[in-house]
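Visitor: Residues in the sequence shown are numbered consecutively from 1, following UniProt numbering.
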Amino acid sequence: MSNTTQTKNMDEIVNWYKNNKPLYEALAKKVENIIKDVLDQNELTYYLITSRSKDLDSFANKAKKEKYADPKNEIKDLAGIRVITFVRSEVEACKNAIKPLFKLDNNHSIDKGKALGNDKVGYRSVHFVAELTEDRLQLPDFKPFEGLCFEIQIRTILEHAWADISHDRSYKFSGVLPPDNDIERRFSLAAAALELVDREFDSLASEIENYRESVKQHTNKGHLDIPLNTASLNEYLSQKFATSITNQIIEPSFNKLEEEIINELHSFGIYSLSDLDKLIGDNTNKFNVNTNFIGLLRNIMILNDAEKYFTDAWDCKWDFIDGDDCTFFMENGLDITSIAHKYKISTRFDIEFDDYE
């Protein structure tokens with residue numbers, strides 16, 4: 001047994017952490033909320049943000065190691081916050097937004113991807129060790145956390161999966177791998193493949209964003225000869241109905257039914273933004289009814305030619321028209337009640353009449 005281990009009173013150290021664990025748990029949650037608020041305010045996308053205080057057994061095992069002469073002050077991840085993003089470019093964006101929020105300990109912070117260099121593959125993640133800033137510590141809610149540090153990890157979903165698999169003891173991937181069957185080499189190849197997939201997702205996300213920007217520029221100039229797809233439809237509707245969206249009349253969402261509504265538009269004979277724009281016309285105010293993009297597009301088709309919509313595009317995918325939509329259609333001269341009865345679609349008016357009886 002080393003001299004360092006002998007001089008450490010492990011019972012006292014573990015009891016200290018057991019007593020202070022709730023404080024680190026509270027600190028982690030506070031930092032998680034700070035990060036969430038800032039990322040949301042900056043409209044930065046991410047998959048998940050979690051926080052935790054270090055598990056007691058995990059702390060005890062780490063504190064036993066020779067390199068920690070003073071575990072209370074040398075172990076920096078007693079409070080941990082993890083930001084998981086979809087793609088690598090979001091890691092950089094989140095990192096740049098988070099760094100100014102806290103007092104960083106640069107000696108214990110690391111970008112593991114950069115540390116690998118250009119000739120190696122492996123775990124890539126950004127790790128910050130930090131404390132709350134002096135300004136924040138002046139606030140009563142944060143005063144108890146003075147002098148306490150925490151670790152922030154920022155990684156992609158794939159990096160997160162790799163870290164969980166490679167560090168989970170049940171998979172036996174940690175430590176020195178045996179030379180038999182090229183296990184270590186295959187492990188490295190798997191890491192390289194994962195990095196390639198991560199890079200490809202990032203590249204795809206970038207190309208989609210560039211396409212959206214291109215659609216935006218073209219639609220601003222009135223160039224609408226663009227095929228219908230999720231990106232083009234979203235950009236076009238967001239611009240065409242910007243006022244209604246700002247006034248919270250129309251919700252800019254497809255409710256995960258993009259493929260369904262595009263198929264309906266195709267069945268109705270609409271294949272491009274130009275086709276759709278002709279159908280809508282210049283007076284967008286007449287479509288001001290509380291709905292989302294799905295309801296908006298269906299209202300546009302029904303108002304244009306209800307018989308054609310229900311014959312060619314509807315395909316019994318939905319069977320109810322609410323009161324706002326009924327009023328909308330009647331105000332625009334469409335006898336929606338007769339059409340609804342013909343195609344056996346319930347309306348809000350039917351329900352109210354049944355309730356009255």
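Here a beta-carbon is modelled for each residue, glycine too, at the ideal position from N, C-alpha and C. Model, not experiment: these values are computed from the prediction.
#1: Let me know the secondary structure DSSP gives P227 once reduced to three states.
#2: Which one of V31, I13, L104, A192 has the shortest CA to CA distance from K65?
#3: Suppose contacts are defined by Cβ-Cβ distances below 8 Å. Is I157 in contact with F128 by that definition?
#4: Secondary structure at Q138, three-state DSSP: helix, strand or coil?
#5: Does DSSP put S89 in a helix, in a strand, or in coil?
#6: Just tell me which of L148, I321, V215, C316 has its CA closest to the CA of E74.
#7: Is E131 helix, strand or coil by DSSP?
#8: So who's on the other strand from I261, going by DSSP bridges?
#9: Between the C-alpha atoms of E184 and R199, what's the straight-line distance to the nearest angstrom?
#10: Go through the region 267-325 residue by residue and report every complete run of the beta strand (DSSP E) that reaches 3 residues or more, in order.
#11: Based on the DSSP output, what are the partners of S51 in its beta bridges?
#12: Note down the Cα distance separating V91 from Y271, rounded to an integer number of angstroms.
#13: Which term fits P71, buried or exposed, when burial requires 16 or more other beta carbons within 10 angstroms of its beta carbon?
#14: The beta strand (DSSP E) spanning T156 covers which residue range?
#15: Can you have a look at R169 and say buried or exposed, based on whether 16 or more other CB atoms are within 10 angstroms of its CB?
#16: Cutting at 8 Å between CB atoms, please list the residues of its own chain near K29, excluding the five before and the five after it.
#17: Answer with buried or exposed for T347, where buried requires no fewer than 16 other C-beta atoms within 10 angstroms of its C-beta.
#18: Would I249 and N304 qualify as a contact pair, given that the criterion is a beta-carbon distance under 8 Å?
#19: T45 lies in the alpha helix (DSSP H); which residues open and close that run?
#20: Who does D111 pair with in a DSSP beta bridge?
#21: Tell me the DSSP secondary structure of S253 in three-state form.
#22: Pull up the DSSP beta-bridge partners for L104, would you.
#23: Go through its chain and collect everything with a Cβ distance to F293's Cβ below 7 Å, but skip five positions before and after it.
#24: Please state if the CB of I49 and the CB of E25 are separated by a distance shorter than 8 Å.
#25: Excluding sequence positions up to five away, which residues of its chain have a Cβ less than 6 Å from the Cβ of D324?
#26: Work out the CA separation of V87 and F320 for me, nearest whole Å.
#27: Give every residue of the same chain whose Cβ lies closer than 6 Å to the Cβ of L224, excluding the five residues on either side of it in the sequence, and list them in chain order.
#28: Quick check: what's the CA-CA separation for D202 versus D77?
#29: I need the straight-line Cα distance from K342 to R82, nearest angstrom please.
Guide: With the structure as the only source:
#1: Mapped onto the sequence shown, residue 227 falls at position 227. Reduced to three states, the DSSP call for P227 is strand.
#2: The residue you call residue 65 lines up with position 65 of the sequence shown. The candidate whose alpha carbon is nearest that of K65 is I13.
#3: By one-based count along the sequence shown, residue 157 stands at place 157. By one-based count along the sequence shown, residue 128 stands at place 128. No.
#4: Locating residue 138 in the sequence shown gives position 138, where the first residue counts as 1. Three-state DSSP puts Q138 in coil, outside helix and strand.
#5: Residue 89 sits at position 89 when you count from the first residue of the sequence shown. Residue state, collapsed to three classes: helix.
#6: Numbered from 1 along the sequence shown, position 74 holds the residue referred to as residue 74. Per the Cα distances, L148.
#7: Within the sequence shown, numbered from 1, the residue matching residue 131 stands at position 131. Here E131 sits in strand by DSSP.
#8: The residue you call residue 261 lines up with position 261 of the sequence shown. None; I261 has no bridge partner.
#9: Residue 184 sits at position 184 when you count from the first residue of the sequence shown. Residue 199 sits at position 199 when you count from the first residue of the sequence shown. Cα to Cα, the separation comes out at about 23 Å.
#10: Runs of the beta strand (DSSP E) inside the region 267-325: none found.
#11: The residue given as residue 51 occupies position 51 in the sequence shown. Answer is I81, bridged to S51.
#12: In the sequence shown, residue 91 corresponds to position 91, counting from 1. In the sequence shown, residue 271 corresponds to position 271, counting from 1. Rounded to whole angstroms, V91 to Y271 spans 37 Å at the Cα level.
#13: Within the sequence shown, residue 71 is the residue found at index 71, counting from 1. It is buried - the Cβ of P71 has at least 16 other Cβ atoms within 10 Å.
#14: By one-based count along the sequence shown, residue 156 stands at place 156. Segment 149-156, the beta strand (DSSP E) holding T156.
#15: The sequence position of residue 169 within the sequence shown is 169, counting from 1. In this predicted model, R169 has a pLDDT of only 47, less than 50, meaning its place in the structure is not dependable enough to derive any value.
#16: Position 29 of the sequence shown, counted from the start, is the residue given in the question as residue 29. Excluding positions up to five away in sequence, the list reads S51.
#17: Position 347 of the sequence shown holds residue 347. So T347 ends up on the buried side.
#18: The residue you call residue 249 lines up with position 249 of the sequence shown. The residue you call residue 304 lines up with position 304 of the sequence shown. Not a contact, by the Cβ cut-off of 8 Å.
#19: Translated into the one-based positions of the sequence shown, residue 45 becomes position 45. Element bounds for T45: n/a, residue is neither H nor E.
#20: Against the sequence shown, residue 111 aligns to sequence position 111. DSSP output for D111 lists V126 as bridge partner(s).
#21: Working through the sequence shown from its first residue, we reach residue 253 at position 253. Look at S253 here: in three-state DSSP terms it is coil, with no helix or strand label.
#22: Stepping through the sequence shown from its first residue, residue 104 is reached at position 104. A130, per the DSSP bridge assignment.
#23: The count along the sequence shown starts at 1 and reaches residue 293 at position 293. The answer, listed in chain order, is L237, P252, S253, F254.
#24: Locating residue 25 in the sequence shown gives position 25, counting from the first residue. Locating residue 49 in the sequence shown gives position 49, counting from the first residue. Against a cut-off of 8 Å, the Cβ pair of I49 and E25 comes out as no contact.
#25: Position 324 of the sequence shown, counting from 1, holds the residue named residue 324. Excluding sequence neighbours, D324 sits near V289, N290.
#26: Indexing the sequence shown from 1 puts residue 320 at position 320. Indexing the sequence shown from 1 puts residue 87 at position 87. When only Cα atoms are considered, F320 and V87 end up about 39 Å apart.
#27: Taking the sequence shown and counting its residues from 1, the one referred to as residue 224 is at position 224. Shown here for L224: same chain residues with a beta carbon closer than 6 Å to its own, the five before and five after excluded, namely L273, S274, D277 in chain order.
#28: Taking the first residue of the sequence shown as position 1, residue 202 is located at position 202. Taking the first residue of the sequence shown as position 1, residue 77 is located at position 77. Each residue's alpha carbon lies about 29 Å from the other.
#29: Walking along the sequence shown from the start, residue 342 turns up at place 342. Walking along the sequence shown from the start, residue 82 turns up at place 82. Computed Cα separation, rounded: 55 Å.
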